[in-house]
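The next block holds one structure in the form of structure tokens; read it before the comments.
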Amino acid sequence: MKTTAWLTIFVCWMAVLAVPGIAAPVDTNLVWKAGVASVVITPRTNMWMAGYAARKKPSDGIAQDLFAKALALEDEKGSRVVIVTMDLIGVLQSVRQSVEKKVEERHKLPPSYLLLNASHTHCGPEYRPRSGREQESTDYQAFLEERLLRIIGEALSRLQPAKLQKAHARCGFAMNRRRNYLLPADDPNSKKAPNPDGFVDHDVPVLMVQGTGTNLIAVLFSYACHNTTLSAVSMTNNIPRYEFTGDYAGYAQETLQAGRPGLTAMFLNGCSADQNPYPRHFMIPYVKPLEFAQHHGRTLAYSVEAAMAAHVRPVRGSVRAALEYVTLERENKDSKKETPSRQYPVQVIRFGDDLTIVALGSEVVVDYSLRLKRDLSGKAIVFVAGYSNDYPGYIPSLRVLKEGGYEAPDYKPVIEDRIVTKVHELHDRLSQ
Ligand SMILES: [Zn+2]
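Residue numbers (the working numbering): 371 to 802.
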């Protein structure tokens with residue numbers, strides 16, 4: 371067809387659109403509603419920082435602001451879910467309990483439909499109560515809660531027609547940080563970590579949210595890797611600095627947002643307990659740790675872009691969620707230091723048969739991610755998040771428990787079965 375013929379069709383179509391009473395064609399894929407909000411949660415004053423016990427003094431600057439972000443989604447029947455991500459070390463139980471109660475009162479959102487996830491940055495504030503620093507913790511928790519409630523309210527108030535799509539890709543900088551327990555003890559490599567042959571989950575699941583325009587308004591993505599590219603002391607011009615940053619996850623979000631105006635990029639940390647980013651800290655003499663964090667951030671952002679350029683599929687159905695607690699008991703081998711059993715949160719959010727988010731509390735080893743993705747994927751893209759809704763320390767699998775080591779506190783061996791069985795139970799219950 372000649373160019374003039376195409377031009378005629380285009381002009382006629384524009385004329386049809388311009389006639390009063392004849393609306394533009396409705397995008398039938400806009401069956402969801404979505405609202406997004408974001409707020410800075412960088413402490414307003416210098417605070418002690420979380421994650422590295424070696425630090426000798428509080429923060430003294432900001433390399434990058436920390437954010438909390440909320441994504442509200444509503445299906446065709448009016449069922450709503452809110453996902454909150456934060457550039458913080460973890461989600462304290464006290465914060466979760468207070469926020470879920472107020473959100474239920476104000477917005478009639480059941481706790482099972484609220485997910486709180488932390489990026490586990492080791493360059494954020496230490497806001498757990500510490501001896502002599504109780505007021506600092508109380509003040510920051512109050513500040514954080516006010517901001518979380520604000521963005522959750524804003525996201526819900528901004529619900530607009532939206533299209534949801536899913537995709538996934540791969541990203542390779544996470545390596546298993548444990549030593550190789552399969553090698554015989556007399557092998558010189560058996561004591562060395564990281565382990566390039568150890569288990570990893572390099573999957574990058576992505577949920578894309580598009581509003582009525584052509585641009586994306588939100589992207590939720592996940593990766594299983596500790597947010598610890600930076601060491602306790604990040605050197606700038608050889609001067610020790612204690613600066614707040616979101617580490618690689620902060621730079622991944624920043625990269626995506628810088629390239630896509632109007633986008634809110636949200637990082638959901640995965641099962642990262644035994645995964646570290648490499649290289650990191652001062653491993654390469656001619657690269658500053660902050661450059662590694664920015665580099666890994668860009669690498670992860672580009673993996674998200676790769677996912678969105680690859681096999682993108684729609685997310686349909688309705689949203690259903692469940693949150694229950696399982697009891698995790700300790701062996702208490704050291705009778706002098708008894709650790710009580712813990713009520714541990716297991717949350718499953720299903721978007722029909724197309725997408726599933728499993729959200730587990732605290733620092734979960736990667737075995738859970740690999741097992742649950744294998745069990746539940748089917749047609750769905752599956753996110754398996756750790757660092758969600760609670761922060762009680764490391765959660766080992768049965769394998770890691772048998773091996774021992776840093777990520778293996780003395781839970782009873784039933785731990786893996788108890789958590790996985792609960793995930794399956796909730797997932798089956800939510801099938802539609
Ligand atoms: Zn950790």
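Here a beta-carbon is modelled for each residue, glycine too, at the ideal position from N, C-alpha and C.
- In the three-state reduction of the DSSP assignment, MET417 falls in the coil class, being assigned neither a helical nor a strand state.
- One residue after another in chain order, those with a Cβ under 6 Å from a heavy atom of ligand 1 are HIS490, HIS596, GLU733.
- As DSSP reads the structure, VAL696 sits in a beta bridge with TYR714.
- Assigned with DSSP and collapsed to three states, MET653 falls in coil, not helix or strand.
- Around the Cβ of LYS447, a 10 Å sphere holds fewer than 16 other Cβ atoms; the residue is exposed.
- Annotation for GLY405: the continuous beta strand (DSSP E) segment containing it runs 402 to 410.
- Judged by DSSP secondary structure, LEU586 falls within the beta strand (DSSP E) whose first and last residues are 586 to 593.
- Cβ neighbours of LYS792 within its own chain (closer than 7 Å, five residues either side excluded): GLU694, VAL696, VAL716.
- For ASP573, the enclosing beta strand (DSSP E) begins and ends at 573 to 580.
- Per the coordinates, the alpha-carbon of ALA692 lies some 36 Å from the alpha-carbon of ARG549.
- For LEU633, same chain residues with a beta-carbon under 8 Å away, outside a window of 5 residues either side, are ASN585, LEU586, ILE587, ALA588, VAL589, LEU626, GLN627 in chain order.
- Considering only ASN416, ILE453, ASP567, the residue with the shortest C-alpha distance to LEU443 is ILE453.
- For GLU613, the three-state secondary structure derived from DSSP is strand.
- Distance from the CA atom of ASN702 to the CA atom of ILE654, rounded to whole angstroms, is 41 Å.
- Remark: C-beta atoms of PRO647 and CYS595 approach each other more closely than 9 Å.
- In the DSSP assignment, GLU675 is bridged to no other residue.
- For ILE459, no alpha helix (DSSP H) segment is defined, and its DSSP state is neither H nor E.
- The straight-line gap separating the alpha-carbon atoms of GLY775 and SER732 is approximately 18 Å.
- The three-state reading of DSSP puts GLN530 in strand, counting E and B together.
- Taking 9 Å as the cut-off, the beta carbon of ASN597 is found no closer than this to the beta carbon of ASP571.
- Between ARG700 and ASP780, the gap from beta carbon to beta carbon is short of 9 Å.
- The bridge partners DSSP lists for ARG450 are GLU444.
- Scanning the segment 728 to 766 from its first residue to its last, the whole beta strand (DSSP E) runs of 3-plus residues come out as 751 to 755.
- Per DSSP, LEU436 is not a residue of any beta strand (DSSP E), being assigned neither H nor E.
- Scanning its chain for C-beta atoms nearer than 8 Å, with the 5 sequence neighbours on each side dropped, one finds around PHE614 the residues THR412, PRO413, MET419, SER429, GLY431, ILE432, ALA433, GLN434, ASP435, LEU436, CYS493, GLY494, PRO495, in chain order.
- DSSP lists LYS536 as the beta-bridge partner residues of ARG683.
- DSSP places THR634 in the strand class (E or B) of the three-state scheme.
- Counting along the chain, no beta strand (DSSP E) covers LEU552, and no H or E run does either.
- Taking 9 Å as the cut-off, the Cβ atoms of LEU577 and ALA525 do not count as close.
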